[in-house]
Structures are given as C-alpha cells and as structure tokens.
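For the numbering used here, add 93 to where a residue sits in the sequence shown, where the first one is 1.
Glycine included, every Cβ here is placed at the ideal spot set by N, Cα and C.
All of these numbers come straight from a predicted model, not from anything done at the bench.
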Amino acid sequence: KTNNFDVVVVGSGGGGFSAAIEAKEAGKKVAIIEKMPTVGGNTLISGGEMNAPGNWVQKKLKIKGDSVKSYYQDTMKGGDNLGDPKMVHILANNALGSAKWLRDDIHVNFIKDQLFQFGGHSYKRALIPVGHTGQELVTKLDKKATALKIPIYTNTKAKSLIKQNGRIVGVKARYQGKKNVTFKAKNAVILTTGGFGSNVKMRTKYNQEYDKRYKSTDTAGTQGDGIVMAQNVGAKLTNMKYIQTYPIANPKTGMISLLADTRFDGAILVNQEGNRFVEELERRDVISKAILKQTGGYTYQIWNDKIDGISKTKAAHKAEYNELIKEGLLYKADSIDELAKDFKIDPAALKATIKKVNRYAKTGKDKDFHHRAGLVSLAKGPYYIEKAVPSVHHTMGGLVINEKTEVLNQHGKAIPGLYAAGELTGVIQGSNRLGGNAIADIITFGWIAGQTTGKLK
Ligand code: ADP
Numbered sequence: 094k095t096n097n098f099d100v101v102v103v104g105s106g107g108g109g110f111s112a113a114i115e116a117k118e119a120g121k122k123v124a125i126i127e128k129m130p131t132v133g134g135n136t137l138i139s140g141g142e143m144n145a146p147g148n149w150v151q152k153k154l155k156i157k158g159d160s161v162k163s164y165y166q167d168t169m170k171g172g173d174n175l176g177d178p179k180m181v182h183i184l185a186n187n188a189l190g191s192a193k194w195l196r197d198d199i200h201v202n203f204i205k206d207q208l209f210q211f212g213g214h215s216y217k218r219a220l221i222p223v224g225h226t227g228q229e230l231v232t233k234l235d236k237k238a239t240a241l242k243i244p245i246y247t248n249t250k251a252k253s254l255i256k257q258n259g260r261i262v263g264v265k266a267r268y269q270g271k272k273n274v275t276f277k278a279k280n281a282v283i284l285t286t287g288g289f290g291s292n293v294k295m296r297t298k299y300n301q302e303y304d305k306r307y308k309s310t311d312t313a314g315t316q317g318d319g320i321v322m323a324q325n326v327g328a329k330l331t332n333m334k335y336i337q338t339y340p341i342a343n344p345k346t347g348m349i350s351l352l353a354d355t356r357f358d359g360a361i362l363v364n365q366e367g368n369r370f371v372e373e374l375e376r377r378d379v380i381s382k383a384i385l386k387q388t389g390g391y392t393y394q395i396w397n398d399k400i401d402g403i404s405k406t407k408a409a410h411k412a413e414y415n416e417l418i419k420e421g422l423l424y425k426a427d428s429i430d431e432l433a434k435d436f437k438i439d440p441a442a443l444k445a446t447i448k449k450v451n452r453y454a455k456t457g458k459d460k461d462f463h464h465r466a467g468l469v470s471l472a473k474g475p476y477y478i479e480k481a482v483p484s485v486h487h488t489m490g491g492l493v494i495n496e497k498t499e500v501l502n503q504h505g506k507a508i509p510g511l512y513a514a515g516e517l518t519g520v521i522q523g524s525n526r527l528g529g530n531a532i533a534d535i536i537t538f539g540w541i542a543g544q545t546t547g548k549l550k
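In structure tokens form, the structure reads like this:
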C-alpha cells in the first residue's frame, strides 16, 4: 500500500509532534508514523522540564541575571565544548520562543511559580509542566495534532528511506510486522526517532563501557533506528561514543527516579559508609562515575520534609513513591538513627555527615563539595532515604544537521529531502547533556524542522 504526503515525520516524541504541527500549520499534507502502539516515546516518560533563559517564571520569582549567553555557555561547557557552537547558539536563542509556543499554541500548562536548576546550570531556568512529567507535553501535542487532523500511523515501523536520483522521497515501513506500507513524501522526510539508549548492541559498538551491566531509563523503542536509516543513505554521524547515564535510577528496573528530583533543592548523596562523596549538583556524568566508585556501585539519597516542601515531588510522583517503598528501595524515618538502620549504614557516621551539612547550610558554604546552590538544613525530620544507581539515559551522539535541520552527508552537504530533529541528532549536547536540555533541544529543532519543510515548494 502507498500513501502520499508532502511531509512524513518518523517518530511521535516531542520532536516529531513539534515538526508535524508546524509543517501542517504551514499548509502541508503531513503524516506521523510511530512503531509503538502508543505515541510519546521518551518524551512521555521524561520529567518534561525545559530550559528557557529569561522565562516568565524567572520574572515572577525575581530571579535576575539569566541570559541567552549564560545558557549558551552552560550548555557548551556542560558538553565539554563538543557541541556545534552555531547550533547551540540557535538552541539558546530559540528556547524561550519554543517554550512560549508550547505555552500559548499547544496550551501546555507549566507550573507558574516553580523552576528547577539542574546540574551544570548557573540559574534556575527549567520550566516544569504540571505533574512534573512529559505526559502534559505529549497529551497537549497529541491533542493539537488531532485538532489539525494529522494522521498518526501507530504500530508502523519505518524500515528504510527511499532514495531517488540522490533525493529522499519517502519511507518504507511495516505495519504490525506483517504488512509493507510505503509513505511517499513530496517535500521532506523528517526523522525524529530518538536515541539508542535501549539498544545494548549499538551502545557497545560505539562505547564498550555501556554493556548489559547497565539498565536503561529509556522506552523499548529507543533503538537508534533513525540514525541507522540515515547512515544507510550516506549521513554523517558525530559524538557517538558519548552516552549519558542518569545518576539516580531504580536499581531493580533502571527507571529514572523523578521522586529524587529533591536533589535539585538540597537532597544529599551518601555512600554505604554514610559519607558524602560528590557535589549533588554536579553534571550527570560526574555524579554517575562517582557513584560507581563507591562500595557496591550505588548511592543513597537523603532529604527531609522541608526539602520536599520546596520540590513537591512526593505529591507529583505518588505512584513511584509507593512502588519504591514496596520494593524496599525507599524508607521514611523520623530520626537519623532509624534512617541509618534501614540500609545498615553506621548511624554515627551518618549523623556526623548530616551535622556538617546543617552547619554548611547555615554558613552558606559547603566546605567539602561546594554545593553551588547552597545546602539545606537536615536538622528536622521526617526523613527519606532512597537507594539508587546510574542507568543509561541519553545518547548525545547522532546525525549532523545544519541550521535548517537538513541532514548532512560525509562531505558536509545536505542530503536533499532529509531532515532530522531531537535526540537522534548529535550536534547540541557534546559529551554530556545537561538536565532540561533534551526537551529544549527536541522542541526547538522539531519546531524549526516543521517550519523549514513547511516552506518547501
Ligand atoms: P525525541 O525526544 O527526540 O522526540 P522520543 O524518544 O521522545 O524522541 O520519541 C521518538 C519516537 O520515535 C518514539 O515514540 C519511538 O517509538 C519512535 N520510533 C523509533 N524508531 C522508529 C521507527 N523505526 N519507526 C517509527 N517510529 C519510530
């Protein structure tokens, strides 16, 4: 069966929806194809937070001094300057615009008086969708796509790109693993298939460290399909060996712990011996590596009700909270003695650690690890302690795209008809992606891909 469209978008995460909506609003006949039975990809199960310098919540909270330049610098530095400066500039310049687009055109509900300051950022600049997950984003994007009558072909897996006279003119796909379907694209194919964090074979092909010892926070569909399809038509890859682990994940399932977002508001990390060992707002790679060096290769995260009162993650992530308690990975306790006992930590050592934290909270100076936001007093319970390990979370590498989101070949030339946006591109995050930068990246470049292809004749 053959379906004819102007623009064919492969993958229905945040990148795909943004591209499809913009191309459709520009008047194109657009389709989205999605291999899974449901839409949303990793965007759906992410925290959904999005960095935007100079945003409206910063104004409301009277957070001063943030700028496009500061965001650009943090992002470049966070990735060891391996991102493409020109592309990171585009991200920094457009992140606020695409956040406003989400707010005003897609009607995404962002929390009005709370922001996250993820590791590596100089300011609290990450907008938080209600519910603290990507569900709010995907629900609203899906709603908009439905209103615009964009057909979404689920259970339909793109297998290869169709090339004719040097131009990409469509996609060969399979429906439910049984039926071949061809999607012709008059103007463009936009690849938005996400990264390859769930593909152990592909991970170890590019970096032997990330073998099956590591679980992944990603959805099963995160297999690198788009990267391979583009590579088969001559696309260039970059930064493929940079694979990010999320430091605080469930030791049994590998799932990201969003409950543990209390880390951004003062929760501390200690090892089995009851000692802190890293600055809690360090980059993800630094924290992950530090955790793996500790006894058993795990960490405990500790916070109290005062910190939860700032983060409000217990209310936002009730299901996760209950699940962790059930699995014996999280305990609530009234005293530090009790807290220590739950995981057989030496109570005297843990008490000494927390006493120091309380002192540093008072003076504003963390003499041991220089906590950049300043520690918060843990003098008062009730307390929470959660066991966690690093888990593969984001693949920084991927396709090389230019400012129009055209996919480039080995010689730096655009492959006609082929565009890409989102985690499968490799030009933004360098060696390490900062928190809140995935959503900023996928929405901004999905948006640009939709606008660019929307203008094609
Ligand atoms: P991004 O954050 O870059 O938008 P996501 O992981 O959120 O990426 O979304 C990618 C989507 O693409 C997922 O829903 C995934 O199932 C889908 N996908 C991956 N490979 C294919 C493929 N070969 N054909 C169709 N859809 C795909």
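Ranked by how close their Cα comes to the Cα of G106, the residues V132, G543, D99, Q210 have V132 in first place.
Look at Q316: its beta carbon is less than 7 Å from one of the heavy atoms in the ligand ADP. When the five nearest sequence neighbours on each side are left out, the beta carbons in the same chain lying within less than 8 Å of the beta carbon of T297 are those of Y303, D304, in order along the chain.
Contact annotation: L468 and F211 have beta-carbon atoms that are not nearer than 8 Å. Assignment of M143 by DSSP, reduced to helix, strand and coil, places it in the strand class. Nearest Cα to E496 within the set A185, G104, N96, G134: A185. Between A192 and V103, the alpha-carbon positions lie close to 23 Å from each other.
Taking the Cα of E413 as reference, the smallest distance to any Cα among D427, I361, I349 is reached at I349. By the Cβ rule, the region 258-276 does not count as touching the region 470-477, because fewer than three pairs are nearer than 8 Å.
The three-state secondary structure of T249, taken from DSSP, is strand.
Per DSSP, the continuous beta strand (DSSP E) segment holding S484 begins and ends at 476-488. Non-local C-beta neighbours of I380 in its own chain, meaning closer than 6 Å and more than five positions away in sequence, comprise P340, V371, ordered along the chain. Taking the CA atoms as reference points, K449 sits about 53 Å from A328. When only Cα atoms are considered, R218 and H487 end up about 20 Å apart.
Note on the region 292-353: whole beta strand (DSSP E) runs with a minimum of 3 residues are 336-342, in chain order. The beta carbon of K271 sits no closer than 7 Å to any heavy atom of the ligand ADP. Closest by C-alpha distance to L517, out of G347, H504, T406, I320, is I320. Selection A266, Q337, K272, P178 evaluated against I126 yields A266 as nearest (Cα-Cα). In the structure shown, the three-state DSSP call for P509 is strand. With a cutoff of 7 Å, E127 counts as near the ligand ADP, since its C-beta is closer than that to a heavy atom of the ligand. Here the alpha carbons of N135 and A507 stand approximately 28 Å from one another.
Each of G120, L230, S111, N525 was checked against the Cα of D378, and the nearest Cα belongs to N525.
If you draw a straight line from the Cα of V282 to the Cα of L423, it is about 45 Å long.
The DSSP-derived three-state label of N280 is strand. Relative to D534, the option among G287, I438, A116, A383 whose CA is nearest is G287. Taking D99 as the centre and dropping the five residues before and after it, the same chain places the C-beta of K121, K122, K279, N280 closer than 6 Å to its C-beta, in chain order. Per the C-alpha coordinates, the member of L432, L351, Y335 positioned closest to L175 is Y335. Taking the Cβ of T388 as the reference point, every heavy atom of the ligand ADP lies at 7 Å or farther away. Ranking A542, A116, Q522, A454 by CA distance to the CA of M333 puts Q522 first. In this structure, the alpha-carbon of I384 lies about 14 Å from that of V485. Distance from L195 to L208 at the Cβ level is roughly 15 Å; contact not present, criterion being Cβ atoms closer than 8 Å. Counting only runs of at least 4 residues, the region 171-233 fully encloses the following alpha helix (DSSP H) elements, listed from N- to C-terminal order: 178-197. Between the ligand ADP and T136, a heavy atom-to-CB distance of less than 7 Å is present. Here I532 really is in contact with M143; their C-beta atoms are around 4 Å apart, less than 8 Å.
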